[in-house]
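Chemist: In full-length UniProt numbering, the protein residues as written are 1 to 312. The beta carbon of each residue, even a glycine, is placed where N, CA and C say it ideally should be.
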Amino acid sequence: MGTVLLLAGLTVYCAHLGEAVAWSSLKGASLPLFAAAVVGISLAAAATLKAVELLSTLRQLSGAIEADTGEGTEAMLSEDGPPAIARLARAINAAARYRAGRQAELLQVLAAYAHDQRTPLTRMGMRCELLEDPAVRDALQRDLAEMAQLVEASVSCAKMQCSAGERTQRVDADNLLGTLVGDYRDAGRTVALEGSVGRPLVTCPHALRRVLMNLIDNALRYGGDARLCVRVEARQLVLAVVDSGPGILPAQMDAVFAPWYRSPETSARAPGSGLGLAIARRLTLAMRGELQLENRCAGGLEARLTLPLATA
């Protein structure tokens, strides 16, 4: 079921392996044809190996591009490989650096603009105190408080996006979570902690705390209570914030992650800027994690943060 070639002097013996072994020889004029065939097969094999190597490089390049979140970070693609691929990688890296620079400039302008709104808002608040009609005064003060909240949220969002990515640290995950929940309890808020990590964790502690605070604040605002459920699954850490609120309409599950988005069903009932989930998702992506929302069968919403369980 195959062929064996033996070279003896100027004669090539060829055996076809089947039910019986039959040897034949190639001499004279057959030898150039045989040599050409061997060379052709060798060239084809070399070309195939080169194509496989090129395909592997392209796949690595494609994977790196797909992994880029577009969240203001540079692509940092490998610039090794064949000349054409290396030039392409350099061009993509340059475009990513330009994009990050432009985004930082725009965010700095936003932060400066939002910061400048604080002074006139403060003046308007002081002038409200001079109004004689209590109903008008209270209504204007509520509007000014909401405007001030939006300004503070804008400044916070811009500063967070302009700042360099937080460095990962080895932290006591259970202590971090316990302290966070304890802070809420000290403030008289109902937050329960279920489960534990049971090991040190390499992560961005400030980003992790900020994400969980945003999720817990939403749970308390719309659900009245919050439970932080901790579980380890294979090489992933799952932190789920569960509430007993009305949940989110399925059609709005993606929209609520957009900056400034407020659900029509809840915007009038609970104050907010519409930036909490947008910031939480951005920080989650920076930690190479995933943030998902899901309505619970028993009622309420589960906000599930999944992080790679990288330990020191």
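So Val151 packs on Ala114, CB below 8 angstroms; how close in whole Å?
Modeler: For the purposes of this step, residue 151 is taken as residue 151 along the sequence shown, with counting starting at 1. For the purposes of this step, residue 114 is taken as residue 114 along the sequence shown, with counting starting at 1. Indeed they touch by this definition, with Cβ atoms about 5 angstroms apart.
Chemist: Give every residue of the same chain whose Cβ lies closer than 6 angstroms to the Cβ of Val238, excluding the five residues on either side of it in the sequence, and list them in chain order.
Modeler: Counted from its first residue, the sequence shown places residue 238 at position 238. Only Arg231, Thr306 meet the Cβ criterion.
Chemist: Between the segment 243 to 262 and the segment 289 to 297, do at least 3 Cβ pairs fall closer than 8 angstroms?
Modeler: Short answer: they touch.
Chemist: Assess contact between the segment 132 to 151 and the segment 176 to 185, defined as three or more Cβ pairs (one per stretch) separated by less than 8 angstroms. Is contact present?
Modeler: At 8 angstroms Cβ cutoff, the stretches do not touch.
Chemist: Would you identify the three-state DSSP class for Arg304, choosing helix, strand or coil?
Modeler: Mapped onto the sequence shown, residue 304 falls at position 304. It is a strand residue.
Chemist: Tell me the residue span of the beta strand (DSSP E) that contains Asp172.
Modeler: Counting from 1 along the sequence shown, the entry for residue 172 is found at position 172. That run of the beta strand (DSSP E) goes 169 to 172.
Chemist: CA-CA distance, Ser196 and Asp186?
Modeler: Residue numbering aside, residue 196 sits at position 196 when the sequence shown is read from its first letter. Residue numbering aside, residue 186 sits at position 186 when the sequence shown is read from its first letter. If you take the alpha carbons of Ser196 and Asp186, they lie about 21 angstroms apart.
Chemist: Can you tell me whether Pro246 is helix, strand or coil according to DSSP?
Modeler: For the purposes of this step, residue 246 is taken as the residue at position 246 of the sequence shown. In the structure shown, Pro246 sits in coil (DSSP, three-state: anything other than H, G, I, E or B).
Chemist: DSSP on Gln292, reduced to helix/strand/coil?
Modeler: Reading the sequence shown from its first residue, position 292 is the one you call residue 292. If DSSP states are grouped into helix, strand and coil, Gln292 belongs with the strands.
Chemist: How long is the line joining the alpha carbons of Gly274 and Asp116, rounded to whole angstroms?
Modeler: Taking the first residue of the sequence shown as 1, we reach residue 274 at position 274. Taking the first residue of the sequence shown as 1, we reach residue 116 at position 116. Whole-angstrom Cα-Cα distance: 21 angstroms.
Chemist: Please classify Met126 as buried or exposed, where buried requires at least 16 neighbouring CB atoms within 10 angstroms.
Modeler: Walking along the sequence shown from the start, residue 126 turns up at place 126. Under this definition Met126 is an exposed residue.
Chemist: For Ala280, which residues of its own chain have a beta-carbon under 7 angstroms away from its beta-carbon, when the five flanking residues on both sides are left out?
Modeler: Within the sequence shown, residue 280 is the residue found at index 280, counting from 1. Contacts found: Val211, Asn214, Leu215, Leu291.
Chemist: Using only CA atoms, which one of Leu176, Leu249, Leu301 lies nearest to Asp225?
Modeler: Translated into the one-based positions of the sequence shown, residue 225 becomes position 225. Ranking the options by Cα distance to Asp225, first place goes to Leu301.
Chemist: Could you tell me the distance, in whole angstroms, from the CA atom of Glu194 to the CA atom of Leu106?
Modeler: In the sequence shown, residue 194 corresponds to position 194, counting from 1. In the sequence shown, residue 106 corresponds to position 106, counting from 1. Glu194 and Leu106: Cα-Cα distance of roughly 41 angstroms.
Chemist: So what does DSSP say about Arg282, is it helix, strand or coil?
Modeler: Counting from 1 along the sequence shown, the entry for residue 282 is found at position 282. It is helical.
Chemist: Which same chain residues end up closer than 6 angstroms to Ala219 when comparing Cβ atoms and leaving out the 5 residues on each side of it in sequence?
Modeler: Reading the sequence shown from its first residue, position 219 is the one you call residue 219. Correct list, in chain order: Ala226, Val241, Asp243.
Chemist: Straight-line CA distance for Leu121 to Leu277?
Modeler: Counted from its first residue, the sequence shown places residue 121 at position 121. Counted from its first residue, the sequence shown places residue 277 at position 277. Whole-angstrom Cα-Cα distance: 26 angstroms.
Chemist: Using the DSSP secondary-structure output, state which residues sit across from Ala114 in a beta bridge.
Modeler: Residue numbering aside, residue 114 sits at position 114 when the sequence shown is read from its first letter. Answer is none; Ala114 lacks a bridge partner.
Chemist: Please name the residue, chosen from Val155, Asp133, Ser154, Cys128, that lies closest to Asp143 on a Cα-to-Cα basis.
Modeler: Mapped onto the sequence shown, residue 143 falls at position 143. Residue Cys128 is the option with its Cα nearest to Asp143.
Chemist: For Ala86 and Arg97, what's the separation of their Cα atoms in angstroms?
Modeler: In the sequence shown, the residue the question calls residue 86 occupies position 86. In the sequence shown, the residue the question calls residue 97 occupies position 97. For Ala86 and Arg97, the distance between alpha carbons rounds to 17 angstroms.
Chemist: Tell me where the alpha helix (DSSP H) around Ala219 begins and ends.
Modeler: Locating residue 219 in the sequence shown gives position 219, where the first residue counts as 1. Residues 205 to 223.
Chemist: Could you tell me which of Cys297, Leu249, Met147 sits nearest to Thr119, measuring between CA atoms?
Modeler: Numbered from its first residue, the sequence shown carries residue 119 at position 119. It is Met147.
Chemist: Regarding Asn218 and the ligand ADP, is the C-beta to nearest heavy atom distance less than 7 angstroms?
Modeler: With respect to the ligand ADP, the structure shown offers nothing to examine, as it has no ligands at all.
Chemist: Quick check on DSSP: helix, strand or coil for Arg231?
Modeler: Position 231 of the sequence shown, counted from the start, is the residue given in the question as residue 231. In this structure, Arg231 counts as strand in the three-state DSSP scheme.
Chemist: Restricting to Cα atoms, I'd like to know which of Arg282, Thr190, Ile248, Pro308 is closest to Cys297.
Modeler: For this step, residue 297 is matched to residue 297 along the sequence shown. That would be Ile248, whose Cα lies nearest to the Cα of Cys297.
Chemist: Measuring alpha carbon to alpha carbon, tell me which of Glu233, Val171, Ala234 ends up nearest Arg209.
Modeler: Translated into positions along the sequence shown, residue 209 becomes position 209. Among Glu233, Val171, Ala234, the Cα nearest to that of Arg209 belongs to Val171.
Chemist: Where do the N-terminal and C-terminal ends of the beta strand (DSSP E) with Ala192 fall, by residue?
Modeler: Here residue 192 is taken as the residue at index 192 of the sequence shown, counted from 1. Start and end: 191 to 194.
Chemist: Quick check: what's the CA-CA separation for Ala94 versus Leu285?
Modeler: Looking up residue 94 in the sequence shown gives position 94. Looking up residue 285 in the sequence shown gives position 285. When rounded, the distance between both Cα atoms is 22 angstroms.
Chemist: Return the Cβ separation of Ala234 and Met287 in integer angstroms, given the expectation that the two are a contact with Cβ distance under 8 angstroms.
Modeler: Here residue 234 refers to the residue found at position 234 when the sequence shown is read from its first residue. Here residue 287 refers to the residue found at position 287 when the sequence shown is read from its first residue. Actually they do not touch by this definition, with Cβ atoms about 18 angstroms apart.
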